[in-house]
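Trainee: In my numbering, the protein residues as written are 26 to 589.
All residues carry an ideal CB built from backbone N, CA and C; glycine is no exception.
Keep in mind that this is a model prediction, so the values were computed, not measured.
(1) Determine the DSSP secondary structure at residue 30, reduced to helix, strand or coil.
(2) For residue 446, does the count of other Cβ atoms within 10 angstroms reach 16, so buried, or fall short, so exposed?
(3) Taking residue 138 as the reference, which of 538, 546, 149 and 415 has the closest Cα?
(4) Have a look at 567, 441 and 498 and flag the residue whose alpha-carbon is nearest the alpha-carbon of residue 257.
(5) Are the CB atoms of residue 128 and residue 158 nearer to each other than 8 Å?
(6) Below 8 Å between beta carbons: does that hold for residue 403 and residue 501?
(7) Of the residues 286, 136, 190 and 123, which one's Cα is nearest the Cα of residue 593?
(8) Which residues does DSSP list as the beta-bridge partners of residue 133?
(9) Report buried or exposed for residue 271, applying the criterion of at least 16 other Cβ atoms within 10 angstroms of its Cβ.
(10) Tell me where the alpha helix (DSSP H) around residue 63 begins and ends.
(11) Return yes when the Cβ of residue 180 is within less than 8 Å of the Cβ of residue 568, no when it is not.
(12) Buried or exposed: where does residue 237 fall if 16 or more other Cβ atoms within 10 Å of its Cβ makes it buried?
(13) What did DSSP end up calling residue 512 once you bin it into helix, strand or coil?
(14) Would you report the Cα separation of residue 28 and residue 583, rounded to the nearest angstrom?
(15) What does the alpha-carbon distance come out to for the pair residue 317 and residue 419?
(16) Check each candidate in 251, 310 and 111 and name the one with the smallest Cα separation from residue 293.
(17) For residue 556 versus residue 531, is the C-beta distance shorter than 8 Å?
(18) Short of 6 Å in beta carbon distance, which residues of its chain neighbour residue 305, apart from the five on each side in sequence? Order them along the chain.
(19) Going by the DSSP bridge assignment, what does residue 394 pair with across the sheet?
(20) Secondary structure at residue 419, three-state DSSP: helix, strand or coil?
(21) Given a threshold of 16 other Cβ atoms within 10 Å of its Cβ, counted over all protein chains shown, does residue 353 qualify as buried or as exposed?
(22) With three or more C-beta pairs closer than 8 Å as the rule, is the region 29-43 touching the region 91-107?
(23) Looking only at C-alpha atoms, which of 203, 223 and 43 sits nearest to residue 10?
(24) Quick one: grab the DSSP three-state call for residue 214.
(25) How long is the line joining the alpha carbons of residue 228 and residue 144, rounded to whole angstroms?
(26) Quick check on the DSSP output: what are the complete beta strand (DSSP E) runs of length 3 or more inside the region 527-583, in order along the chain?
(27) Whether or not the region 320-335 and the region 508-528 are in contact is what I'm after, with contact meaning three or more pairs of Cβ atoms, one per stretch, closer than 8 Å; do they touch?
(28) Pick from 131, 564, 314 and 484: whose alpha carbon is nearest that of residue 360?
(29) Under a Cβ-count criterion, where at least 16 other Cβ atoms within 10 Å of its own Cβ denotes burial, should residue 233 be classed as buried or exposed?
(30) Below 8 Å between beta carbons: does that hold for residue 161 and residue 77?
(31) Checking the sheet assignment: what are the DSSP bridge partners for residue 238?
(32) Which term fits residue 169, buried or exposed, when burial requires 16 or more other beta carbons within 10 angstroms of its beta carbon?
(33) Within 8 Å, do at least three Cβ pairs link the region 53-73 to the region 106-122?
(34) Return yes when the Cβ of residue 132 is within less than 8 Å of the Cβ of residue 142, no when it is not.
(35) With a cut-off of 8 Å on the beta carbons, I'd call residue 475 and residue 517 a contact; round off their distance for me.
(36) Please list, in chain order, all residues of the same chain as residue 589 whose beta carbon is under 7 Å from its beta carbon, the five residues on each side excluded.
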């Protein structure tokens, strides 16, 4: 057996692999190092490896939705083997296959909303097919944490005890309205608040999900109501729910991109047709749920994000606005996007979220400074205030300053949420010479490496430590419980940039999640769920609320679709 190292390049950087060849057979393909998003990479690489070993060739199709990364692996490995004298030819081309399927409920999109709708309809005794354009599952949800609100659920009562009785759908709606500055659509907000509890209880039972109190209870919520899975990752949600859906009789078709609608002579919707690499599939259905996500990547590609990084999937391209255009669906507020702080720019214009780690850092006393070395905000205030202050800074960048004690805990959360150990080590090794800025050293050293005014930074730290000792922050009014003096002589300075992904506008729906046309009438047998329907959270959603909207709207859409 011979082993050959391969270097490929993915979306986030270099991928180191090993190809094993035994005789004239490709026996294995393994990964030694990568910096790709783990939740996507696990699915994509597993599928690619199976295809390579089955076809005994690297001259095969890349995986839809991850074509750049998988094509690089295929091309790089093939080149290495050819240089070693091997010849693994391309498999015989497959003829395009056409198939026609029928189902009770057809769901488009495998994110949280789509999976919730599909599982709910299946639980009500319906035959359900879920289609996904990518070669992996999860949509935009796969990049999120697993945190949702549990308002009105048995799960909340189990987790929060008597505190759960302080919460109510009405209180949640009030919080949404306040934080969105009354821009929310009240009927959809009430739909969210009245159904998220039932949705959580349902999916926890359906897929055996063990929700617990979220590590972070953010101040935007007026009561503790945020929960998450043990891994804190939506990858756990996606994989467990999808597995349960299939085991209980549901069908999932990946690499099945919806290209158009199927209509009767009277114009009524009867299904959709999908294109794939080797198949064209017509699916006739009694009802259809569109949960195909938003259009954040389209906004990014068109340059909407000047100075604000994109952190969502590049596959969030608003496909339904093309394939469903003949249905003349009603849209609203298509210029609404959710902008968060807590981003680390891993390549120009692209960020990874650091929300969990950054929030923990500020809970432990870390401070936000600008390039002038000055504090800019109450670090423990709501995210919107931090976001707005970052936008005001030169280069739209701020820096999170912390000590070794804090970094040790922050590091654990970065690893848990989509960063690899090697990735972080590489950033530190750059010593601030290129983005992202993540530097370590004495206070003077980190300031110099990051290009921050060292003299001002030293004064800022001295002032802050005196505030912490006194338990009072005269500059920004930060609560004493979050103010801690720095320990030791080692500091970390971590870049923080605003980022966006989620589109908050979209289609309009009624209280059954029926999608409405431009005449404000429900389109027969067509429902929407998740990011595709905008308005429930207004133009500035609170933390945990996009997952919550996906779950609540998916639950209602699946219930309604099953009644057809």
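Mentor: If we stick to the structure as given:
(1) For the purposes of this step, residue 30 is taken as the residue at position 5 of the chain shown. Here residue 30 sits in strand by DSSP.
(2) Residue 446 sits at position 421 when you count from the first residue of the chain shown. So residue 446 ends up on the exposed side.
(3) For the purposes of this step, residue 138 is taken as residue 113 along the chain shown, with counting starting at 1. The shortest Cα separation from residue 138 among 538, 546, 149 and 415 belongs to 538.
(4) In the chain shown, residue 257 corresponds to position 232, counting from 1. Ranking the options by Cα distance to residue 257, first place goes to 441.
(5) The residue given as residue 128 occupies position 103 in the chain shown. The residue given as residue 158 occupies position 133 in the chain shown. No, the pair does not count as a contact, with Cβ atoms beyond the cut-off.
(6) On the chain shown, position 378 is the one that residue 403 refers to. On the chain shown, position 476 is the one that residue 501 refers to. Cβ distance < 8 Å, so residue 403 and residue 501 count as in contact.
(7) The chain is shown from 26 up to 589; residue 593 falls before or after that span and cannot be answered.
(8) Here residue 133 refers to the residue found at position 108 of the chain shown. In the DSSP assignment, residue 133 is bridged to 156 and 315.
(9) Within the chain shown, the letter at position 246 stands for residue 271. Counting of Cβ neighbours within 10 angstroms places residue 271 among the exposed residues, the total staying below 16.
(10) Position 38 of the chain shown holds residue 63. For residue 63, the enclosing alpha helix (DSSP H) covers residues 63-80.
(11) Within the chain shown, residue 568 is the residue found at index 543, counting from 1. Within the chain shown, residue 180 is the residue found at index 155, counting from 1. Going by C-beta atoms, residue 568 is not nearer than 8 Å to residue 180.
(12) Numbered from 1 along the chain shown, position 212 holds the residue referred to as residue 237. So residue 237 ends up on the exposed side.
(13) The count along the chain shown starts at 1 and reaches residue 512 at position 487. In this structure, residue 512 counts as coil in the three-state DSSP scheme.
(14) Position 3 of the chain shown, counted from the first residue, corresponds to residue 28. Position 558 of the chain shown, counted from the first residue, corresponds to residue 583. In this structure, the CA atom of residue 28 is about 49 Å from the CA atom of residue 583.
(15) Here residue 317 refers to the residue found at position 292 when the chain shown is read from its first residue. Here residue 419 refers to the residue found at position 394 when the chain shown is read from its first residue. A direct Cα-to-Cα measurement between residue 317 and residue 419 gives close to 37 Å.
(16) Numbered from its first residue, the chain shown carries residue 293 at position 268. Out of 251, 310 and 111, 310 has the C-alpha closest to the C-alpha of residue 293.
(17) The count along the chain shown starts at 1 and reaches residue 556 at position 531. The count along the chain shown starts at 1 and reaches residue 531 at position 506. Going by C-beta atoms, residue 556 is nearer than 8 Å to residue 531.
(18) Position 280 of the chain shown, counted from the first residue, corresponds to residue 305. In its chain, beyond the 5 residues on either side, 123 have a beta carbon closer than 6 Å to the beta carbon of residue 305.
(19) As a first step, residue 394 is located in the chain shown; it is residue number 369 there, counting from the start. Residue pairing from DSSP places residue 394 in a beta bridge opposite 400 and 424.
(20) For the purposes of this step, residue 419 is taken as the residue at position 394 of the chain shown. DSSP places residue 419 in helix when its eight states are reduced to three.
(21) Locating residue 353 in the chain shown gives position 328, where the first residue counts as 1. Under this definition residue 353 is an exposed residue.
(22) Judged by Cβ distances under 8 Å, the region 91-107 makes contact with the region 29-43, as three or more pairs qualify.
(23) Lying before the first or after the last residue shown, residue 10 is absent from the chain, which here runs from 26 to 589.
(24) Here residue 214 is taken as the residue at index 189 of the chain shown, counted from 1. Looking at residue 214 - three-state DSSP - the assignment turns out to be helix.
(25) The residue you call residue 228 lines up with position 203 of the chain shown. The residue you call residue 144 lines up with position 119 of the chain shown. Roughly 8 Å between the two C-alpha positions.
(26) Whole beta strand (DSSP E) segments, 3+ residues: 539-541 and 547-553.
(27) With a cut-off of 8 Å, the region 320-335 and the region 508-528 count as touching, because enough Cβ pairs lie within range.
(28) Your numbering for residue 360 matches position 335 in the chain shown. Taking only the C-alpha atoms, the option nearest residue 360 is 564.
(29) Taking the first residue of the chain shown as 1, we reach residue 233 at position 208. Around the Cβ of residue 233, a 10 Å sphere holds fewer than 16 other Cβ atoms; the residue is exposed.
(30) Residue 161 sits at position 136 when you count from the first residue of the chain shown. Residue 77 sits at position 52 when you count from the first residue of the chain shown. The answer is no: Cβ separation not under 8 Å.
(31) As a first step, residue 238 is located in the chain shown; it is residue number 213 there, counting from the start. Per DSSP, 252.
(32) By 1-based counting over the chain shown, the position of residue 169 is 144. Buried, by the Cβ-count rule.
(33) Fewer than three beta-carbon pairs drawn from the region 106-122 and the region 53-73 are found closer than 8 Å, and the two stretches are therefore not classed as touching.
(34) Residue numbering aside, residue 142 sits at position 117 when the chain shown is read from its first letter. Residue numbering aside, residue 132 sits at position 107 when the chain shown is read from its first letter. A contact, by the Cβ cut-off of 8 Å.
(35) Within the chain shown, residue 475 is the residue found at index 450, counting from 1. Within the chain shown, residue 517 is the residue found at index 492, counting from 1. With 8 Å as the limit, residue 475 and residue 517 do not qualify as a contact, their Cβ atoms being about 10 Å apart.
(36) Numbered from its first residue, the chain shown carries residue 589 at position 564. Excluding residues within five positions, the ones whose Cβ falls inside 7 Å are 311, 312 and 550.
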